[in-house]
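Input: a single structure, listed below in C-alpha cells.
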Amino acid sequence: NAGVTQTPKFRVLKTGQSMTLLCAQDMNHEYMYWYRQDPGMGLRLIHYSVGEGTTAKGEVPDGYNVSRLKKQNFLLGLESAAPSQTSVYFCASTEGWGAFFGQGTRLTVV
Amino acid sequence: AQRVTQPEKLLSVFKGAPVELKCNYSYSGSPELFWYVQYSRQRLQLLLRHISRESIKGFTADLNKGETSFHLKKPFAQEEDSAMYYCALSTTGGFKTIFGAGTRLFVKA
C-alpha cells in the first residue's frame, strides 16, 4: 500500500525560482494538508483541502499556493522561493480520525 | 483560535522510569485529540487518539476537558520510545488539524 507519497524527496532552489511539490494519496481521503516542519516550531499548517476543488489557508499560507484538481492529488506551489521557505514539507491525508503522512520533502532555498 | 501547546521541547528519562509528555489545547468547540510519533528517519505516524481510549505501545492519554489537557503517559519507558512526539487537535469534523511544537523524548539506558 502506497498511502501518501510526496515528490520530490529533496530539492535545492535558488532564491526566486519556482517549484511544485506533489502529494498523492490512494486512500480516497477527502481531507488533505500541507505542513512545514521547522526546528522548535513543530508542524505548521500551510494550506488544507476538505475535498476536490476546495482549498483553504492554514496558519502560515503566505508565499504558497495550492490546488486540488483531483481528489487524490494536492499540489503545493512556491512561485518565488525565499530562504525563509527552507524547511521540511509534509503532506497528510485523513478522513478525520487520524492523519496519514508522506515521507517529507526537504527543501533548501539558497 | 485553536492552539496546541507542548511546554517541553526535550524530555530525558532513564529506562524503566515513568514518562509524561504534556499537552494543553485551546479550542472553543469539541476537539478531537491525537498523539503522533516520529521515530528517527521515519515519517510521522498516529500513536493514539482520545476517542478510542486505547493503549498503544504502553502509552495512554486521557482527555481532561476541565484542564484542557491531553497528556501522554507511560509507566515504564523503553529505549525504543526515544522519538519526537506531537500532540494534535482536529476541529469538529476533522477539517483542520493543527499540531504542537513537539517534544523530543530521550530514554537513556
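As you go down the protein sequences, you meet chains A and B in turn. First residue of the first sequence: 1, per this note's numbering; consecutive thereafter. First residue of the second sequence: 1, per this note's numbering; consecutive thereafter. We treat Cβ as the ideally placed atom computed from N, Cα and C, and that holds for glycine. Small disclaimer: the values here were computed from a predicted structure and weren't measured.
Do residue j and residue i count as a contact pair if the criterion is CB distance below 8 angstroms?
i      : j      : result
A/Y35  : A/L22  : no
A/A32  : A/S49  : For the record, residue 32 of chain A in the displayed sequence is Met; it is not Ala. Contact: yes.
A/L43  : A/Y64  : no
B/L89  : B/L21  : no
A/S84  : A/L107 : no
A/G104 : A/Q25  : no
B/R43  : A/F101 : yes
Of all Cβ atoms in chain A, is any one closer than 8 angstroms to the Cβ of residue i?
i     : result
B/Y25 : no
B/R49 : yes
B/R43 : yes
B/G16 : no
B/I56 : no
With distances taken from CA atoms, which of the options is nearest residue i?
i      : options                         : result
B/R3   : A/G58, A/Y48 and A/S84          : A/G58
A/K129 : A/F90, A/R68, A/L69 and A/S80   : Coverage of chain A is limited to positions 1 through 110, which leaves residue 129 of chain A absent and any answer about it impossible.
A/K71  : A/F101, A/E30, A/T5 and A/V4    : A/E30
A/P39  : B/Q6, B/A83, B/A101 and B/P75   : B/A101
B/A61  : B/L48, B/M84 and B/T68          : B/L48
B/Y110 : B/L63, B/L105, B/A109 and B/I51 : Outside the displayed span of chain B (1 to 109) sits residue 110 of chain B, for which this structure offers no information.
So, is the C-beta of residue i closer than 8 angstroms to a C-beta in chain B?
i      : result
A/W34  : no
A/Q103 : yes
A/G42  : yes
A/Y31  : yes
A/A99  : yes
Where DSSP assigns a beta bridge to residue i, which residues make up the other side?
i     : result
B/K74 : B/V19
B/R53 : In DSSP, B/R53 forms no bridge with anything.
Answer yes or no: does any C-beta atom of chain D fall closer than 8 angstroms to that of residue i?
i     : result
A/T55 : Here chain D cannot be found, since the structure's protein chains are A and B.
### Message
Taking 8 angstroms as the cut-off, does the region 9–16 of chain B touch the region 82–102 of chain A (at least 3 CB pairs, one atom from each stretch)?
### Response
no
### Three CB pairs or more closer than 8 angstroms across the region 52–66 of chain A and the region 15–24 of chain B
no
### Three CB pairs or more closer than 8 angstroms across the region 94–105 of chain B and the region 45–59 of chain B
no
### Query
Is there contact here, the region 36–46 of chain B with the region 19–26 of chain B, by at least three beta-carbon pairs under 8 angstroms?
no
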